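Q: Take this structure, written in structure tokens, and hold onto it; I'll ask about it next.
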Amino acid sequence: MTMLQSLKNFVRSKSIHVAYVDVGSCNGCDIEVLACLAPRYDIEQYGIFVHNNPREADVLLVIGAYTPGWEEKLKGLWEKIPDPKAAIAIGNCPISGCLFARPHTLVDPPVAKHIPIAVQVPGCPPRPTEILSAILSVAPTVFKDYEVRK
Amino acid sequence: MTKRTVDVSIPVGPVHPCWKEPARVKCETRGEFVLSAEVELGYMKKGIERIMRGRPWQEVMFLAERVCGICSVIHNMVFIEALEKISAIPVPERAALLRVIVNELDRMQSHILANFSYCYTIEHETLGMYLLDTRERVMDELERITGARVTCAYIVPGGVRFDLRPEDALHLRAGMDALERDITRYMGMFEHGPLIALRSRGIGILTREAAREACAVGPTARASGIPDIDRRLRHPTYQKLGFAPVSREEGDNFARIMVRFQEVLQSIALIRKCLDTLPEGPIRGGGIPGAGEIAYSGEAPRGELSYFIKTDEAGRVVEISIQTPSIMNIEACCHYMLKGVASLADVPSTFVSSDPCIACTER
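First to last, the protein sequences are chains A and B. Number 98 in the working numbering belongs to position 114 of the first sequence; there are no gaps in the numbering. Count along the second sequence from 1, then add 2; that gives the number in the working numbering.
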């Protein structure tokens, strides 16, 4: 491994830009992601920066059970994120649809059918600490030696 | 009819740095001046009412809670109280007061979150972070009492799930003292901050007439001088506690945020009163929901929330329709507040100040 690559690995593990998109949840997971910003959890001390701009993001947090309104938009959003990138499914909704995956529903879970999901965080909603550890665990595996593997 | 010159139509959203949820606001502008705005929804429609039909109340109860994750307790409370009204199930005095405590804790965290969003949108991040830290303390109290942070499922027909332990009551009292101190301080910061006033005072004005015309509800209406809109005035437990709503006259962004701050302080006073008058006794009276139909409403953090429910003998929900408060406020926001906003930078902050909850609007 070259020195440049090891430098890149180190920097990438310390600066993770996060965007989140709600594709039809109850809002519970949204506010748990927001709660990660609170000084108690302090997401920025780990080098994670939430700014919700897909064009600058490394990690996309997907929340919700995939409603029909996102059919064309979610893929477009995913393509806007520059490589290397990873998507994390937050909560039960993007994994299984949770309570909404019943007869007569409009949602179409799981989200993994539509974009590749790297990590799943189950829970209804998961605690902010679980979301934090999921984001931190994805960085070394997905972003390490990206140029070498490419 | 005069001819209108529109420079450009600017869409804001659906994925926007300031918004928690997807919604699109299309603004017709001339320069920076917003001539008119239009909201486009439809990114969150899950069809909850369709799923609810034909299911037993035990399942619908959890679905009702997941209509909105921020104000989940009030959805739970209104649905269960509607069932109790249908079947004349009595609620013990202690359980009724515990419901008020949990509901007010939920209202506090929702209002503090709304004010955090506003402070974040006008880029006063320091105050926003203070508020978010304070909110965590409210969530702690909620978790101590109900066992969960967001979806608590605390209220069941005929009572509540868990009793308030004496040590929790002590913790709650101490927590309320600390919260009152902090919120009073942040309220002073918000009220007297010169830069906050520049971004908030006189922006996004909703007059009393416009609020009546747009059927605005909740803090948005109370900030425009309509105090009697509060449904808590008709709730028997709140009547016993001597509840009186707060209101302000200005009707701008500043007033809407201040009304929420005042309501947090009011909730603290209500919780203290509940703890003082909490009688000993059972927390569950029992009772089985039966057949009937009812339209019942309660006051969510964002305004009036109504449920129309029709059940059969086995307690299955045959017909249900939910009316959530945010849709009124979003309409009021787009058609009255955003019209005439002087700068495009004030569009997100004005939209956020009406505290829109897209998840419960579309269900």
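Built from N, CA and C at the ideal position, the CB exists for glycine as well. From a predicted model like this one, the values you see are computed outputs, not experimental measurements.
1. Exposed or buried, which one is Lys(-2) of chain A when buried takes at least 16 other CB atoms within 10 Å?
2. Going by beta carbon distance, what residues of the same chain come within less than 7 Å of Ala116 of chain B, once the five residues before and after it are set aside?
3. What are the uninterrupted segments assigned as beta strand (DSSP E) that are 3 or more residues long and contained completely in the segment 266 to 353 of chain B, given in chain order?
4. Do Gly195 of chain B and Arg210 of chain B have their C-beta atoms closer together than 8 Å?
5. If the cut is a Cβ gap below 8 Å, which residues of chain A does Met191 of chain B touch?
6. Are the beta-carbon atoms belonging to Pro24 of chain B and Ile360 of chain B less than 8 Å from one another?
7. What in chain A is Cβ-close to Pro19 of chain B, meaning under 8 Å?
8. Please list the partners that Thr153 of chain B has in chain A, where partner means a Cβ-to-Cβ separation under 9 Å.
9. When the cut-off is 8 Å and only beta carbons count, does Ala123 of chain A lie next to chain B?
10. Check for me: the alpha helix (DSSP H) holding Ser89 of chain B runs from which residue to which?
11. Does DSSP put Pro58 of chain B in a helix, in a strand, or in coil?
12. Name, going along the chain, the residues of the segment 47 to 72 of chain A whose beta-carbon falls closer than 9 Å to a beta-carbon of chain B.
13. With a threshold of 8 Å between beta-carbons, can Phe127 of chain A be considered close to chain B, or not?
14. What is the rounded straight-line gap between the Cα of Leu404 of chain B and the Cα of Arg86 of chain A?
15. With 7 Å as the C-beta to C-beta threshold (strictly closer), list the residues of the segment 103 to 135 of chain B near chain A in chain order.
16. Assuming Leu21 of chain A and Leu37 of chain B make a contact with CB atoms under 8 Å, what is their CB distance in whole Å?
17. At the 8 Å Cβ level, is Ala41 of chain A part of the contact set with chain B, yes or no?
18. Against chain A, with Cβ distances strictly below 8 Å, would Met79 of chain B count as a contact?
19. Taking only beta-carbon positions, decide if Glu64 of chain B is within less than 8 Å of chain A.
20. Give a yes or no on whether 8 Å exceeds the smallest Cβ distance from Ala257 of chain B to chain A.
21. Looking only at its own chain, which residues have a Cβ that is under 7 Å from the Cβ of Lys275 of chain B, when we skip the five neighbours before and after it?
22. Within its chain, find whatever has a CB closer than 8 Å to the CB of Val319 of chain B; leave out the 5 residues flanking it on each side and keep chain order.
23. For Val17 of chain B, which residues in the same chain have their Cβ closer than 8 Å to its Cβ, ignoring the five residues on either side in sequence?
24. Using a cut-off of 8 Å between C-beta atoms, extract the partners of Val69 of chain B located in chain A.
25. Distance check for Asp129 of chain A and Thr222 of chain B, CA to CA, integer angstroms please.
26. Is Asp6 of chain A helix, strand or coil when you go by DSSP?
27. Should Gly149 of chain B be labelled buried (16 or more other beta-carbon atoms within 10 Å of its own) or exposed?
28. With a threshold of 16 other CB atoms inside 10 Å of the CB of Gln29 of chain A, please say whether the residue is buried or exposed.
29. In whole angstroms, what separates the C-alpha of Cys108 of chain A from that of Arg32 of chain B?
30. On the criterion of 16 or more Cβ atoms from any shown chain inside 10 Å, does Leu172 of chain B qualify as buried, or is it exposed?
31. Quick one: residues in its chain with C-beta nearer than 6 Å to the C-beta of Ile82 of chain B, no 5 flanking neighbours on either side, listed in chain order?
32. Note the first and the last residue of the continuous beta strand (DSSP E) segment covering Gln104 of chain A.
33. Quick one: what does DSSP say Cys29 of chain B is sitting in, helix, strand or coil?
34. Can you pull the chain A neighbours of Ile53 of chain B, defined as C-beta to C-beta under 7 Å?
35. Kindly give me the distance between the Cβ atoms of Leu166 of chain B and Leu100 of chain B, rounded to whole angstroms, as I take these residues to be in contact under 8 Å.
36. Any contact between the segment 341 to 354 of chain B and the segment 67 to 81 of chain B? By contact I mean 3 or more CB pairs, one from each, below 8 Å.
A: Put simply:
1. Translated into positions along the first sequence, residue -2 of chain A becomes position 14. In the assembly as shown, Lys(-2) of chain A is an exposed residue. Its beta-carbon has fewer than 16 other beta-carbons within 10 Å.
2. Locating residue 116 of chain B in the second sequence gives position 114, counting from the first residue. Correct list, in chain order: Arg262, Asp357.
3. The segment 266 to 353 of chain B contains, as complete beta strand (DSSP E) runs of 3+ residues, the segments 294 to 302, 305 to 313, 318 to 325 (chain order).
4. Start at 1 with the first residue of the second sequence, and residue 195 of chain B comes out as number 193. Start at 1 with the first residue of the second sequence, and residue 210 of chain B comes out as number 208. Taking the C-beta atoms as reference points, Arg210 of chain B is found no nearer than 8 Å to Gly195 of chain B.
5. As a first step, residue 191 of chain B is located in the second sequence; it is residue number 189 there, counting from the start. Correct list: empty, because the minimum Cβ distance to chain A is about 16 Å.
6. Looking up residue 24 of chain B in the second sequence gives position 22. Looking up residue 360 of chain B in the second sequence gives position 358. Pairing Pro24 of chain B with Ile360 of chain B gives a Cβ-Cβ distance under 8 Å.
7. As a first step, residue 19 of chain B must be located in the second sequence, where it is residue number 17. Here the neighbours are His35, Asn36, Asn37.
8. By one-based count along the second sequence, residue 153 of chain B stands at place 151. The CB of Thr153 of chain B comes closer than 9 Å to the CB of Cys10, Gly12, Cys108, Pro109 in chain A, given here in chain order.
9. Walking along the first sequence from the start, residue 123 of chain A turns up at place 139. Ala123 of chain A does not count as touching chain B.
10. Your numbering for residue 89 of chain B matches position 87 in the second sequence. First-last of the alpha helix (DSSP H) with Ser89 of chain B: 74 to 89.
11. Taking the first residue of the second sequence as position 1, residue 58 of chain B is located at position 56. DSSP, reduced to helix, strand and coil, places Pro58 of chain B within a strand of the structure shown.
12. Identification of residues in the segment 47 to 72 of chain A having a C-beta nearer than 9 Å to some C-beta of chain B yields Gly48, Ala49, Thr51, Pro52, Gly53, Trp54, Lys57, Leu61, given in sequence order.
13. The residue you call residue 127 of chain A lines up with position 143 of the first sequence. Interface with chain B (8 Å Cβ-Cβ cutoff): Phe127 of chain A is excluded.
14. Nothing about residue 404 of chain B can be reported from this structure: the residues present for chain B run from 3 to 365 only.
15. Correct list: Leu115, Met131, Leu134, Asp135.
16. Walking along the first sequence from the start, residue 21 of chain A turns up at place 37. Walking along the second sequence from the start, residue 37 of chain B turns up at place 35. Contact flag wrong, Cβ pair sits at about 35 Å.
17. The residue given as residue 41 of chain A occupies position 57 in the first sequence. For Ala41 of chain A, the answer is no, since every Cβ of chain B falls outside 8 Å of its Cβ.
18. Along the second sequence, one-based indexing puts residue 79 of chain B at 77. It does not; no Cβ of chain A falls within 8 Å.
19. As a working note, residue 64 of chain B is residue 62 in the second sequence. It is worth fixing the name first, because residue 64 of chain B is Phe in this sequence and not Glu. Yes, Phe64 of chain B counts as interfacial toward chain A.
20. Your numbering for residue 257 of chain B matches position 255 in the second sequence. Residue-level contact check: Ala257 of chain B does not touch chain A, since none of the beta carbons of chain A fall below 8 Å from its beta carbon.
21. Translated into positions along the second sequence, residue 275 of chain B becomes position 273. The residues are Leu243.
22. If you number the second sequence from 1, residue 319 of chain B lands on position 317. Taken in chain order, the residues that qualify are Met54, Arg55, Gly56, Arg57, Pro58, Trp59, Val62, Ile311, Lys312, Thr313.
23. Here residue 17 of chain B refers to the residue found at position 15 of the second sequence. Excluding sequence neighbours, Val17 of chain B sits near Pro24.
24. Indexing the second sequence from 1 puts residue 69 of chain B at position 67. What Val69 of chain B touches in chain A: Cys10.
25. In the second sequence, the residue the question calls residue 222 of chain B occupies position 220. In the first sequence, the residue the question calls residue 129 of chain A occupies position 145. Roughly 52 Å between the two C-alpha positions.
26. Position 22 of the first sequence, counted from the first residue, corresponds to residue 6 of chain A. DSSP, reduced to helix, strand and coil, places Asp6 of chain A within a strand of the structure shown.
27. Translated into positions along the second sequence, residue 149 of chain B becomes position 147. Exposed, by the Cβ-count rule.
28. Stepping through the first sequence from its first residue, residue 29 of chain A is reached at position 45. That one is exposed.
29. Residue 108 of chain A sits at position 124 when you count from the first residue of the first sequence. Residue 32 of chain B sits at position 30 when you count from the first residue of the second sequence. Answer to the nearest angstrom: the Cα atoms are 45 Å apart.
30. As a first step, residue 172 of chain B must be located in the second sequence, where it is residue number 170. Per the 10 Å Cβ criterion, exposed.
31. Along the second sequence, one-based indexing puts residue 82 of chain B at 80. So the list reads Ile157, Pro159, once near-sequence residues are dropped.
32. Within the first sequence, the letter at position 120 stands for residue 104 of chain A. First-last of the beta strand (DSSP E) with Gln104 of chain A: 103 to 105.
33. The count along the second sequence starts at 1 and reaches residue 29 of chain B at position 27. Residue state, collapsed to three classes: strand.
34. The count along the second sequence starts at 1 and reaches residue 53 of chain B at position 51. Phe84, Arg86, His88, Thr89, listed in chain order.
35. Here the question's residue 166 of chain B lines up with position 164 in the second sequence. Here the question's residue 100 of chain B lines up with position 98 in the second sequence. With a beta-carbon spacing of about 6 Å, Leu166 of chain B and Leu100 of chain B fall inside the 8 Å limit used to define contacts.
36. Between the segment 341 to 354 of chain B and the segment 67 to 81 of chain B, the count of Cβ pairs shorter than 8 Å is below three; the stretches do not touch.
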